[in-house]
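As they're listed, the protein sequences go chains A and B.
Following the UniProt record's numbering, the numbering of the first sequence begins with 1 at its first residue and continues without gaps.
Following the UniProt record's numbering, the numbering of the second sequence begins with 1 at its first residue and continues without gaps.
2 protein chains.
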Amino acid sequence: MEISQGRLRADIEANAAFGAVDADEGRGRTLLTGSDADRRARERFVDRLRDADLDVRVDAVGNVAGRWTPPGCDPGAAPVAIGSHLDSVPRGGIFDGPLGTYAGLEAVRAMQDADVAPGRPVDVVAFTEEEGARFGIGTLGSSVAAGGRDVADALDLVDDEGVTLRERLDAIGFRGDDGIDPASWSAWVELHIEQGTRLTDAGADVGVVEAITGITNCEVAVAGEADHAGSTPMYERTDALAAGAEFVRDVERAAEEVAADRESAVATVGQGTIEPNARNIVPGEVRFQLDLRDTDAGTMDRLVERCRTSLARLERTRGVETDIDRYRTSPPTPMADRCVGAADDAAAARGADAVRLHSAAVHDTANLADATDVGLLFAPSVDGASHSPREWTDWEDCATAAGVLAATVRRLAAGD
Amino acid sequence: MEISQGRLRADIEANAAFGAVDADEGRGRTLLTGSDADRRARERFVDRLRDADLDVRVDAVGNVAGRWTPPGCDPGAAPVAIGSHLDSVPRGGIFDGPLGTYAGLEAVRAMQDADVAPGRPVDVVAFTEEEGARFGIGTLGSSVAAGGRDVADALDLVDDEGVTLRERLDAIGFRGDDGIDPASWSAWVELHIEQGTRLTDAGADVGVVEAITGITNCEVAVAGEADHAGSTPMYERTDALAAGAEFVRDVERAAEEVAADRESAVATVGQGTIEPNARNIVPGEVRFQLDLRDTDAGTMDRLVERCRTSLARLERTRGVETDIDRYRTSPPTPMADRCVGAADDAAAARGADAVRLHSAAVHDTANLADATDVGLLFAPSVDGASHSPREWTDWEDCATAAGVLAATVRRLAAGD
Numbered sequence: 001m002e003i004s005q006g007r008l009r010a011d012i013e014a015n016a017a018f019g020a021v022d023a024d025e026g027r028g029r030t031l032l033t034g035s036d037a038d039r040r041a042r043e044r045f046v047d048r049l050r051d052a053d054l055d056v057r058v059d060a061v062g063n064v065a066g067r068w069t070p071p072g073c074d075p076g077a078a079p080v081a082i083g084s085h086l087d088s089v090p091r092g093g094i095f096d097g098p099l100g101t102y103a104g105l106e107a108v109r110a111m112q113d114a115d116v117a118p119g120r121p122v123d124v125v126a127f128t129e130e131e132g133a134r135f136g137i138g139t140l141g142s143s144v145a146a147g148g149r150d151v152a153d154a155l156d157l158v159d160d161e162g163v164t165l166r167e168r169l170d171a172i173g174f175r176g177d178d179g180i181d182p183a184s185w186s187a188w189v190e191l192h193i194e195q196g197t198r199l200t201d202a203g204a205d206v207g208v209v210e211a212i213t214g215i216t217n218c219e220v221a222v223a224g225e226a227d228h229a230g231s232t233p234m235y236e237r238t239d240a241l242a243a244g245a246e247f248v249r250d251v252e253r254a255a256e257e258v259a260a261d262r263e264s265a266v267a268t269v270g271q272g273t274i275e276p277n278a279r280n281i282v283p284g285e286v287r288f289q290l291d292l293r294d295t296d297a298g299t300m301d302r303l304v305e306r307c308r309t310s311l312a313r314l315e316r317t318r319g320v321e322t323d324i325d326r327y328r329t330s331p332p333t334p335m336a337d338r339c340v341g342a343a344d345d346a347a348a349a350r351g352a353d354a355v356r357l358h359s360a361a362v363h364d365t366a367n368l369a370d371a372t373d374v375g376l377l378f379a380p381s382v383d384g385a386s387h388s389p390r391e392w393t394d395w396e397d398c399a400t401a402a403g404v405l406a407a408t409v410r411r412l413a414a415g416d
Numbered sequence: 001m002e003i004s005q006g007r008l009r010a011d012i013e014a015n016a017a018f019g020a021v022d023a024d025e026g027r028g029r030t031l032l033t034g035s036d037a038d039r040r041a042r043e044r045f046v047d048r049l050r051d052a053d054l055d056v057r058v059d060a061v062g063n064v065a066g067r068w069t070p071p072g073c074d075p076g077a078a079p080v081a082i083g084s085h086l087d088s089v090p091r092g093g094i095f096d097g098p099l100g101t102y103a104g105l106e107a108v109r110a111m112q113d114a115d116v117a118p119g120r121p122v123d124v125v126a127f128t129e130e131e132g133a134r135f136g137i138g139t140l141g142s143s144v145a146a147g148g149r150d151v152a153d154a155l156d157l158v159d160d161e162g163v164t165l166r167e168r169l170d171a172i173g174f175r176g177d178d179g180i181d182p183a184s185w186s187a188w189v190e191l192h193i194e195q196g197t198r199l200t201d202a203g204a205d206v207g208v209v210e211a212i213t214g215i216t217n218c219e220v221a222v223a224g225e226a227d228h229a230g231s232t233p234m235y236e237r238t239d240a241l242a243a244g245a246e247f248v249r250d251v252e253r254a255a256e257e258v259a260a261d262r263e264s265a266v267a268t269v270g271q272g273t274i275e276p277n278a279r280n281i282v283p284g285e286v287r288f289q290l291d292l293r294d295t296d297a298g299t300m301d302r303l304v305e306r307c308r309t310s311l312a313r314l315e316r317t318r319g320v321e322t323d324i325d326r327y328r329t330s331p332p333t334p335m336a337d338r339c340v341g342a343a344d345d346a347a348a349a350r351g352a353d354a355v356r357l358h359s360a361a362v363h364d365t366a367n368l369a370d371a372t373d374v375g376l377l378f379a380p381s382v383d384g385a386s387h388s389p390r391e392w393t394d395w396e397d398c399a400t401a402a403g404v405l406a407a408t409v410r411r412l413a414a415g416d
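As structure tokens, then:
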């Protein structure tokens, strides 16, 4: 079973032309859901599915699937599904999404070329709006398919220009009426770029994900008193920024302590505002946006608890008023043992150097875990660059990972 | 020598009508240099100076002075000058500036009414653009008058609408050609609102300023590495905000330690930016604006040194790159002993409860210290509110402070 690196590369490069942007370094693209670039990318994908004799379906939110029913297989058997997404963030890279989507198709073509005929059908899928770059909600298409979000609610979402997803999909001819139902799948496997440096650091060919991290977002407010920077002596101040600075340090310290035992635990204060933010006024309020992640839900709870403890201490020691709103939690998602096992075996069989790791970002796979057994593979990212034209995966690494994907699917679709 | 509280109040209230703004609480005004409100405020001031038989001069940058030559005095003797400014910040209060300006005139009227005839002329002065709200440079008019800034340079300054100070003054008819030369004065005394709570905390009637604080402004940059908030383990981060948080705490701690010995020392990180300021990206850079103040230049240097030490430590311990730019320093200004002494004696003679203090904000008086002996008096500010419609000084306190001003001028202008 041979992967054609040239065929896979040609697909990814052709796809990269849709929404291509100028970049000083690397190759970038902006592919927003419902744009003309999206229409052309989807039409080409459909053409390529049909070129490989796959039966194409498009569902109500524009998710696209091509079904291969191998000769001699039971067409009623639960299929194995593979794929990813085609959309990008603004000025994103050319591999994030398209690699997994076209590697899925290449896996089918490789099986076809080698006369490998699994006992189950194989679906090759591209989900709508994974990045959330146009409608603000990431992994949108897969969440609808997996039953986690209502179709009508999704179609009613409005972008920054006041246009609904329904209108965007109608405009490009990709609001379909076919069914794409992950609950009917035997398993799902996605190949994605790592967006980190663990694979390149380890010199590995492919990553076998054991769990997708959970993410908790909190908004934290610290209120002090805005005062004149000259006439307010130090002992009379209730400086919201000074208090907030202690909080930022406490969050970092808490995460470092937890991460000493489990590297997957991270906490980030990435965003903040100061009020009134004037050089000669003692800050009256600061607000922070927090991003806390781990593959263990209890650890995430513990990190939030450490934030609360810090704020309670600041209220006592500094007289500030504080508030923490844990407004969103996406729980950790363990991968199915049989998918992880199949991927391990596939890598070994193909002589690929695989390492186990966790996914520090959320992917469509996390939604699909609610409906079926899921697996996730990573290809190496040069320098870990992501969501940038500098994002890169060497073509040889793309092909190697696609080969592991094909061998994984072959095992999962072998038929029981 | 009686102060007429009603006459002083009528002047301040009439002046408050120019540029008056609506406010839920208090009384506010926006009086920007060269506006129609400024023209009307100046014209009324000139009328009131003339009503008291003062000879009015207007200099090249619009500073206005009215000279009283008391009967029997030597008209060639160096005058004593008193006054303040009429302009305001956007939505400022009605006392900041006008109190000192009209109390100066009231002091002259009180001496006239009481047939007090000092041996020196008295100038009552309103300086242009003290707040810097239109042309970005505070205490502009007094800096030109005192020789610290070139007239042509000042007139060429451009506001946000692209209009020069020259054009603004021409438009309201207040670009004059008279001389107003602080170097020719025997002394200068300004009455201003405190903009703090030390007087009300002490239950005092008037503050006798010993020194005006120096101010140093620094811009600080801390550069780390922007990274993905999920895929970058804690131990691989160079988080600019976490480092910046340590810096903010260090600045606060340094100021608290210094302020344990001298309350006038304050340090404020009031303004900051985070780049890229996204919830799911480890901050790559933070920038802070610092405001460090004290009445002792050596202490200010020491505070800046503590900032540098903190940044050097962060470079070592966290691998960030840092930069500190001390881009502006206005040195501390001691008041002249004879002005402070005259004010103390004046307060005692009038039965006013006076306290010695420092000025935590810069005033026109700081510029004039380069040219003549200066003194500065404070009237109590309710709740310390300043640069806000909530700014307030009780009318009785205005009159008491004006009385101390009049008695101070009487002593300084007695003639040697």
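Note that beta-carbon positions come from the ideal geometry of N, C-alpha and C, so glycine has one too.
Source: prediction; values computed, not measured.
Which residues in chain B have a C-beta closer than 7 Å to the C-beta of A:Met234? List them in chain order. Taking the first sequence and counting its residues from 1, the one referred to as residue 234 of chain A is at position 234. Residues of chain B with a Cβ closer than 7 Å to the Cβ of A:Met234 are, in chain order, Ala255, Glu256, Ala259 and Val266.
Coarse secondary structure for A:Pro332, derived from DSSP in three states: Reading the first sequence from its first residue, position 332 is the one you call residue 332 of chain A. If DSSP states are grouped into helix, strand and coil, A:Pro332 belongs with coil.
Below-9 Å beta-carbon distance, B:Pro334 vs any chain A residue: Here residue 334 of chain B is taken as the residue at index 334 of the second sequence, counted from 1. Nearest CB-CB separation between B:Pro334 and chain A: not below the 9 Å threshold.
DSSP state of A:Ser84, grouped into three classes? Translated into positions along the first sequence, residue 84 of chain A becomes position 84. Of the three classes helix, strand and coil, the one that applies to A:Ser84 here is strand, per DSSP.
Counting Cβ pairs, one atom from each stretch, are 3 or more of them under 8 Å apart for the region 227-246 of chain A and the region 268-276 of chain B? Look at the beta carbons and you see the region 227-246 of chain A touching the region 268-276 of chain B: at least three pairs across the two are nearer than 8 Å.
Contact list for B:Ala406 against chain A, beta-carbon separation under 8 Å: Counted from its first residue, the second sequence places residue 406 of chain B at position 406. Counting only Cβ-Cβ distances below 8 Å, B:Ala406 has no contacts in chain A at all, with the closest Cβ about 26 Å away.
Excluding the 5 residues preceding and the 5 following A:Val80 in the sequence, name in chain order all residues of the same chain whose CB lies nearer than 6 Å to its CB. Residue 80 of chain A sits at position 80 when you count from the first residue of the first sequence. The beta carbon of A:Val80 lies closer than 6 Å to those of Arg120, Val122, Ser186, Ala187, Val409, Leu412 and Ala413 in the same chain, with the five residues before and after it left out.
Looking only at DSSP bridge pairs, what is A:Gln195 linked to? For the purposes of this step, residue 195 of chain A is taken as the residue at position 195 of the first sequence. Listed as beta-bridge partners of A:Gln195 by DSSP are no residues whatsoever.
Would you check if the region 237-245 of chain A and the region 234-253 of chain B touch, i.e. whether three or more CB-CB distances between them fall below 8 Å? Yes: at least three Cβ pairs fall under 8 Å.
Take B:Gly181 as the anchor and find which of B:Ser142, B:Val362 and B:Glu219 has the nearest alpha-carbon. Here residue 181 of chain B refers to the residue found at position 181 of the second sequence. Checking the sequence shown, residue 181 of chain B turns out to be Asp, not Gly. Out of B:Ser142, B:Val362 and B:Glu219, B:Ser142 has the C-alpha closest to the C-alpha of B:Asp181.
Could you give the residue range of the beta strand (DSSP E) that holds residue 435 of chain A? The first residue shown for chain A is 1 and the last is 416, placing residue 435 of chain A beyond what the model contains.
Classify A:Arg50 as buried or exposed, calling it buried when 16 or more other Cβ atoms lie within 10 Å of its own Cβ. Taking the first sequence and counting its residues from 1, one reaches residue 50 of chain A at position 50. That one is exposed.
Check the Cβ of A:Gly384 against every Cβ in chain B and list those closer than 9 Å, keeping chain order. On the first sequence, residue 384 of chain A is found 384 positions in, with the first residue counted as 1. Residues of chain B passing the Cβ test: Asp227, His228, Ser231 and Thr232.
Beta bridge counterpart(s) of A:Cys307 as assigned by DSSP: As a first step, residue 307 of chain A is located in the first sequence; it is residue number 307 there, counting from the start. For A:Cys307, which the question treats as bridged, DSSP gives no partner whatsoever.
Residues near A:Gly28 in its chain [Cβ-Cβ closer than 6 Å; skip 5 each side]: For the purposes of this step, residue 28 of chain A is identified with residue 28 of the first sequence, where counting begins at 1. Within the same chain, A:Gly28 has close Cβ partners Val21, Arg91 and Pro389.
For B:Pro380, count the other beta carbons within 10 Å of its own beta carbon; 16 or more makes it buried, fewer makes it exposed. Which is it? Along the second sequence, one-based indexing puts residue 380 of chain B at 380. With 16 or more other Cβ atoms within 10 Å, it is buried.
Compute the Euclidean distance between the alpha carbons of A:Asp11 and A:Tyr102, then round it to the nearest angstrom. Reading the first sequence from its first residue, position 11 is the one you call residue 11 of chain A. Reading the first sequence from its first residue, position 102 is the one you call residue 102 of chain A. A:Asp11 and A:Tyr102: Cα-Cα distance of roughly 7 Å.
Spell out whether any CB of chain A is found under 9 Å from the CB atom of B:Glu43. Position 43 of the second sequence, counted from the start, is the residue given in the question as residue 43 of chain B. Interface residue (Cβ-Cβ distance to chain A less than 9 Å): B:Glu43 is not classified as such.
Using CA atoms only, rank isn't needed, just tell me which of B:Thr322, B:Thr295 and B:Ala371 is closest to B:Glu285. For this step, residue 285 of chain B is matched to residue 285 along the second sequence. The shortest C-alpha to C-alpha distance from B:Glu285 to any of B:Thr322, B:Thr295 and B:Ala371 is the one to B:Thr322.
For A:Cys73 and A:Ile212, what's the separation of their Cα atoms in angstroms? Along the first sequence, one-based indexing puts residue 73 of chain A at 73. Along the first sequence, one-based indexing puts residue 212 of chain A at 212. Spanning the two alpha carbons is a distance of roughly 32 Å.
How would you label B:Glu25, buried or exposed, when you count the other beta carbons within 10 angstroms and need 16 or more for buried? In the second sequence, residue 25 of chain B corresponds to position 25, counting from 1. It counts as exposed.
To the nearest angstrom, how far is the alpha carbon of A:Asp344 from that of A:Trp68? On the first sequence, position 344 is the one that residue 344 of chain A refers to. On the first sequence, position 68 is the one that residue 68 of chain A refers to. Looking at the two C-alpha atoms, the distance is approximately 24 Å.
Say yes only if the C-beta of A:Val404 is nearer than 8 Å to one or more non-hydrogen atoms of the ligand ADP, and no if none qualify. Ligands displayed in this structure: none; no statement on the ligand ADP is therefore possible.
Test: A:Pro283 CB closer than 9 Å to a CB of chain B: For the purposes of this step, residue 283 of chain A is taken as residue 283 along the first sequence, with counting starting at 1. Flagged as an interface residue toward chain B: A:Pro283, by a C-beta distance shorter than 9 Å.
For B:Glu225, which three-state DSSP category applies? Position 225 of the second sequence holds residue 225 of chain B. Coil.
Within a Cβ cutoff of 7 Å, which residues of the same chain sit near A:Val58, ignoring the five residues on either side of it in sequence? By 1-based counting over the first sequence, the position of residue 58 of chain A is 58. A distance below 7 Å between beta-carbons, with the five flanking residues on each side excluded, links A:Val58 to the following residues of its chain, in chain order: Val64, Phe174, Gly176 and Asp178.
With B:Gly100 as the anchor, note down where its beta strand (DSSP E) starts and where it stops. On the second sequence, residue 100 of chain B is found 100 positions in, with the first residue counted as 1. Premise fails: B:Gly100 lies in the alpha helix (DSSP H), Pro98 to Asp113, not in any beta strand (DSSP E).
Does B:Arg326 come out as helix, strand or coil in the three-state DSSP assignment? Position 326 of the second sequence, counted from the first residue, corresponds to residue 326 of chain B. Under the three-state reduction of DSSP output, B:Arg326 falls in the strand class.
Is the region 149-168 of chain B touching the region 312-330 of chain B, taking contact as three or more C-beta pairs under 8 Å? With a cut-off of 8 Å on Cβ pairs, the region 149-168 of chain B is not in contact with the region 312-330 of chain B, counting fewer than three such pairs.
Looking at chain A, which residues of the region 289-320 of chain B have a Cβ within less than 8 Å of any of its Cβ atoms? Answer set for the region 289-320 of chain B: Gln289, Leu290, Asp291 and Arg293.
Per DSSP, what kind of secondary structure is B:Gly403 in: helix, strand or coil? Against the second sequence, residue 403 of chain B aligns to sequence position 403. Reduced to three states, the DSSP call for B:Gly403 is helix.
Going by DSSP, name the residue or residues bridged to B:Trp68. If you number the second sequence from 1, residue 68 of chain B lands on position 68. Answer is B:Val122.
Tell me the DSSP secondary structure of A:Ile94 in three-state form. Numbered from 1 along the first sequence, position 94 holds the residue referred to as residue 94 of chain A. Reduced to three states, the DSSP call for A:Ile94 is coil.
Mind pulling the alpha helix (DSSP H) runs of 4 or more residues that sit fully within the region 334-391 of chain B? The alpha helix (DSSP H) runs lying completely inside the region 334-391 of chain B and spanning 4 residues or more are 337-349 and 364-368, given in chain order.
Report yes if the C-beta distance between A:Trp392 and A:Gly93 is below 9 Å; otherwise report no. To locate residue 392 of chain A, count along the first sequence from 1; it is residue 392. To locate residue 93 of chain A, count along the first sequence from 1; it is residue 93. Contact: yes.
Return the Cβ separation of A:Cys339 and A:Val374 in integer angstroms, given the expectation that the two are a contact with Cβ distance under 8 Å. Locating residue 339 of chain A in the first sequence gives position 339, counting from the first residue. Locating residue 374 of chain A in the first sequence gives position 374, counting from the first residue. Sure, about 6 Å apart at Cβ, within 8 Å.
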